[in-house]
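Novice: First the structure, then my questions, so here it is.
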């Protein structure tokens, strides 16, 4: 497959990756997502402290002629945003797995996240790409 | 390859000017006496300093770097880039129209009010509506006005509705206009025919639906032939039907939105009624309504009384004003000129020729491009570059390649439901030779896409500039010249 | 015979050939999918078509029923103004490569329009002191309303304050735009014809998105601008201005007193009054608000060979991409009027614009003195004025205007319907277009009114 899917991460059906460490989850977009979006030109980040709910748009990613959302993979609160993206949105294209977008502190007892393992995500990408 | 054209700020010299005023002919007071020192400008005023001749050469040079309908074919889908008659420019510039102030006493502007009144009667007849306001300055402004009217109508009946429906093929202005009036938008899918999926519509309709916004013919250029069923279904739940007039050129004189069951329409005088697009505007977006919506129209309306025409300002249910005065009057003068010259048969003939030109081109082009909805179209049609895309040639590449043949490309990547879409609207004012040359160019590009795709993807080669870096422009926006600072 | 045949090139033979190529027998069949119930059998009921000669005569007759500003001196302002327009403006906007083009989506063949917009944006930035401007909005009224909506978006608040000294028509448009979104508008009262800033203490709080002011205000008075920015910024609200661009040649640039968004009516820059439209809304803002600006924006970039070129940029703000989440629904704007404004500003240059503004200032002051020296005519408000001033009248403005019209003068704006607290009052506007003889004549005619 043309797109990298990195081991050890969880994935969403909306093409975010999520890296869990205790109750903190680091979120970014996948290689496939950045390739579909093409050159990212602007990232609209949420305020730190903002409440996140599964499936809710947290971040707006803009390319020249498209807008897409980054959706929260878990319930919680935004604990950090990657401000480097304000000046260098191209980092998302250059190194999607090395470039995090937001960190969320997971809320205890929140909605059960619907996350995919890498194999299932690879199948999803293949299916979408074939359409 | 051509050179850059210097910016105005890089031309001229300090002290030059392109303007003269008479000497002040009354006793001059010290400025400080009229304008306290602390209210005076401190910042420099860094405007260009050029002579009139330099100014004219600058803009003449810029004009040669621009393509208009007068330069060549401009088949931009959904924009109706028809020929703009020269008489329109002349009538709108008559001092008796151009040099009127909107607040003059009505007895001094009877001719202007009469023109608005007559233009309203013409458009009421063309659309099948009861009343028309000229206040909206453009199509999207008309949509906003229409949505405000719909909201005011429902509210007057103590009926708070939250949802506006639009097909997935709709213009982007439709959801944006509905959102500006606080409505939630729901998309109705298109069916295999490319028309509104009636079943899906019926399932979505309920008493929370304020309106359905529809373009007919739609953005695929197809007539919504179930329109009477659609209208009945929307009206059955108490919703209203909104007509986006962007594509009226296809049917004027053949059918009327009012007869189809639409309650509100907006028109684009700069599309259907031949007024020029001005490099982006001004347009004019009159809104017509059926009787039940007339009480909510923006202020004021032109009325005819015993002593002549006057402004009617006492409409207690009116949505208020949407523009400072009465809309783009100068544009209405142009459209009115067109209407009186075309007459009923002329409008009908224009629509028929627009449809003929579109079908002729579509049938020829389907041999080299995919035509996803191969049926009788109206004034425009959508082909897809999906075959070419397999060779690495996109709709955008084809658009750029057309520039080298001297044509303005069609609308690309719209409607969103067709992949690699190229939306072609030839209009009635193009000759058969032009259509044939255009088809020939597209056929040659299709051949190149097969044989030498890199020649297409590297286009254009003959334009004043090559492909521009839009990514750089968006990442590091420079929207104002900062000079050498 | 059908009208407009000279716009329709297809011949009968070509139509038949093309119909055959499509595989239908008649033009009528092209409309066969229309339900019979709605298909028009009879033609529309419209008057018979006119030839070009007849149409010119007809339009000429309608125009001749109007008394225009080149015929009668006019003292109307109130948002639309009679300034001198150099001939060069119409000659450039009359080049059909500009006026028959549409929005410059295809940048490679639209560099003329794109560069002219970029130059226009730059001039608007330089006049206002702002860092970003758009390609135009419909008019000054909608520009102010869009600014209020943008302010609500930035601050995520739902209420704006607007001075009662803002043009009443603008306030009416603002009301429509805000009501549509269920946003609130509150009016800041006046004292001596100017915004009463002392009321801001109570009115401006953490729910306020913006304070909207006009400069010079609707009565032509210059508002004191040292106070408001600090007062609204303290609560996280924005200062939004509607400014007369010609006044900015002499008056403080809005950036100098902390404005966040500056809008206004650009008709004054080279566009005829045209019965109130097409006008030109300009919109400029601080760079940090760049992505909240509605409408088209041209940006500088490079082409594949490294040459400077221009494109429409930040398009993701706009309706054709962001649809229901767009900054505004605006699509067509007033590009040709913006072109006129750019040509006008370049023709005048800094010296010419200062001179034109200076003449307005001097001539308005002269007229104000003359009129208020007359028995029964009283200056409504003291303080520095630019080109307009309000006068309390000894009788109704409507009657006065009828009387002036009989004397071939178009009088001022009737203030009473909008400001009943003033009683009979008129807003006079005097620009550089008036001569001393005309102004003396006006005073003479007014003196004879009883």
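Protein chains in written order, with the working numbering: chain A, 1 to 131; chain B, 1001 to 1485; chain C, 2001 to 2450.
Built from N, CA and C at the ideal position, the CB exists for glycine as well.
These numbers were taken from a predicted model, which means no experiment stands behind them.
1. On the criterion of 16 or more Cβ atoms from any shown chain inside 10 Å, does residue 2163/C qualify as buried, or is it exposed?
2. On the three-state DSSP scale, how would you describe residue 1001/B?
3. Does the region 1376-1393 of chain B touch the region 1264-1282 of chain B, meaning 3 or more C-beta pairs lie closer than 8 Å?
4. Is the beta carbon of residue 2333/C sitting closer than 7 Å to the one on residue 2051/C?
5. Does the Cβ of residue 1001/B have 16 or more other Cβ atoms within 10 Å, making it buried, or fewer, making it exposed?
6. Start and end of the beta strand (DSSP E) containing residue 2426/C?
7. If the criterion is Cβ atoms closer than 7 Å, does the pair residue 1353/B and residue 2010/C meet it?
8. Report the CB separation of residue 2088/C from residue 1055/B in whole angstroms; it is logged as a contact under 8 Å.
9. Below 7 Å between beta carbons: does that hold for residue 1385/B and residue 1420/B?
10. Got a sec, what are the start and stop residues for the alpha helix (DSSP H) residue 2232/C sits in?
11. Give the DSSP-derived three-state secondary structure of residue 2388/C in the structure shown.
12. Could you check the C-alpha separation between residue 2073/C and residue 2248/C for me, to the nearest Å?
13. Name the residues in the region 53-67 of chain A whose C-beta lies less than 9 Å from a C-beta of chain B; which are they?
14. Where in the region 1190-1243 of chain B do unbroken runs of the beta strand (DSSP E), each at least 3 residues long, occur, reported from the N-terminal end onward?
15. Can you list, in chain order, the residues of its chain with a C-beta nearer than 8 Å to that of residue 2182/C? Leave out the 5 residues immediately preceding and following it.
16. By a C-beta neighbour count over all protein chains shown, 10 Å radius and 16 as the cutoff for buried, is residue 2274/C buried or exposed?
17. In terms of alpha-carbon separation, which member of 2240/C, 2202/C and 2264/C lies closest to residue 2289/C?
18. Could you please give me the residues that DSSP links to residue 68/A through a beta bridge?
19. Are residue 1088/B and residue 1272/B touching if we call contact CB-CB under 7 Å?
20. Note down, in chain order, every chain B residue with its Cβ under 8 Å from the Cβ of residue 2245/C.
21. Using DSSP's beta-bridge definition, name the partner residues of residue 2251/C.
22. Residue range of the beta strand (DSSP E) that residue 1167/B falls in?
23. Rounded to the nearest angstrom, what separates residue 2219/C and residue 2387/C at their Cα positions?
24. Strictly under 7 Å for the Cβ-Cβ distance: is residue 1485/B near chain C by that measure?
25. Nearest CA to the CA of residue 23/A: which residue from 109/A, 130/A and 119/A?
26. For the region 2100-2158 of chain C, which segments carrying the alpha helix (DSSP H) assignment without a break, of at least 4 residues, lie completely within its bounds, in sequence order?
27. Short of 9 Å Cβ to Cβ, which residues in the region 26-47 of chain A face chain B?
28. Cβ closer than 9 Å: which chain A residues qualify as neighbours of residue 2316/C?
29. Hey, quick one: how far does the beta strand (DSSP E) through residue 1266/B stretch, first residue to last?
30. Here's a check: name, in chain order, each residue in its chain whose Cβ is nearer than 6 Å to the Cβ of residue 124/A, leaving out the five neighbours to either side.
31. Would you kindly report the start and end of the unbroken alpha helix (DSSP H) that includes residue 2398/C?
32. How far does the alpha helix (DSSP H) with residue 2315/C in it reach, from first residue to last?
33. Any chance the region 2295-2302 of chain C sits against the region 1339-1350 of chain B, with 3 or more Cβ pairs inside 8 Å?
34. Find out if the Cβ-Cβ distance for the pair residue 1137/B, residue 2102/C is shorter than 7 Å.
35. Run through the DSSP bridge pairs and tell me what residue 2163/C is partnered with.
36. Cβ of residue 2402/C less than 7 Å from any chain A Cβ?
Specialist: Considering the structure as presented:
1. Label assigned to residue 2163/C: buried.
2. At residue 1001/B, the pLDDT of 48 sits below 50, so the modelled position is not reliable; the number obtained from the coordinates is stated separately. Correct three-state label for residue 1001/B: coil.
3. Result no; under three Cβ-Cβ pairs closer than 8 Å.
4. For residue 2333/C and residue 2051/C, no; Cβs fall outside 7 Å.
5. Note that residue 1001/B has pLDDT 48, beneath the 50 cutoff, so the model's placement of it is unreliable and the number below is only indicative. The residue is exposed, with fewer than 16 neighbouring Cβ atoms inside 10 Å.
6. Unbroken beta strand (DSSP E) run through residue 2426/C: 2425-2429.
7. The Cβ atoms of residue 1353/B and residue 2010/C lie closer than 7 Å to each other.
8. 6 Å between Cβ atoms; contact.
9. In contact: residue 1385/B and residue 1420/B (Cβ atoms closer than 7 Å).
10. Residues 2228-2233.
11. DSSP places residue 2388/C in strand when its eight states are reduced to three.
12. Their Cα atoms are separated by approximately 25 Å.
13. Here the close residues are 62, 63, 64 and 65.
14. The region 1190-1243 of chain B is shown to contain whole beta strand (DSSP E) runs of 3 or more residues at 1209-1215, in chain order.
15. If the five residues before and after residue 2182/C are omitted, its C-beta is found closer than 8 Å to the C-beta atoms of 2158, all from its own chain and listed in chain order.
16. Buried, since its Cβ has 16 or more Cβ neighbours within 10 Å.
17. Nearest C-alpha to residue 2289/C: 2240/C.
18. Looking at the DSSP output, residue 68/A sits in a beta bridge with 61/A.
19. In this structure, residue 1272/B does not lie closer than 7 Å to residue 1088/B by Cβ.
20. Here the premise fails: no neighbours, minimum Cβ distance about 11 Å.
21. The partner list for residue 2251/C (beta bridge, DSSP) reads 1040/B.
22. Where residue 1167/B is concerned, the enclosing beta strand (DSSP E) starts and stops at 1163-1167.
23. Approximately 9 Å, taken between the alpha carbons.
24. Reliability fails at residue 1485/B, whose pLDDT of 43 lies under 50, so the model's placement of it is uncertain and no value is given.
25. Ranked by Cα distance from residue 23/A, the first of 109/A, 130/A and 119/A is 109/A.
26. The region 2100-2158 of chain C contains these whole alpha helix (DSSP H) runs: 2111-2128 and 2140-2155.
27. 38, 39, 40, 41 and 42: these are the residues of the region 26-47 of chain A whose beta carbon lies less than 9 Å from some beta carbon of chain B, given in chain order.
28. Those within 9 Å of residue 2316/C in chain A are 41, 42, 60, 62, 63, 64, 65, 66 and 67.
29. Its beta strand (DSSP E) spans residues 1264-1266.
30. Beyond the five residues adjoining it in sequence on each side, residue 124/A comes within less than 6 Å, by CB distance, of no other residue in the same chain.
31. Start and end: 2397-2406.
32. Careful: residue 2315/C lies outside any alpha helix (DSSP H) and carries neither H nor E.
33. The answer is no - the region 1339-1350 of chain B does not touch the region 2295-2302 of chain C, with fewer than three Cβ pairs under 8 Å.
34. No; because the gap between Cβ atoms is not below 7 Å, this pair is not in contact.
35. Bridge partners of residue 2163/C according to DSSP: 2188/C.
36. Not an interface residue.
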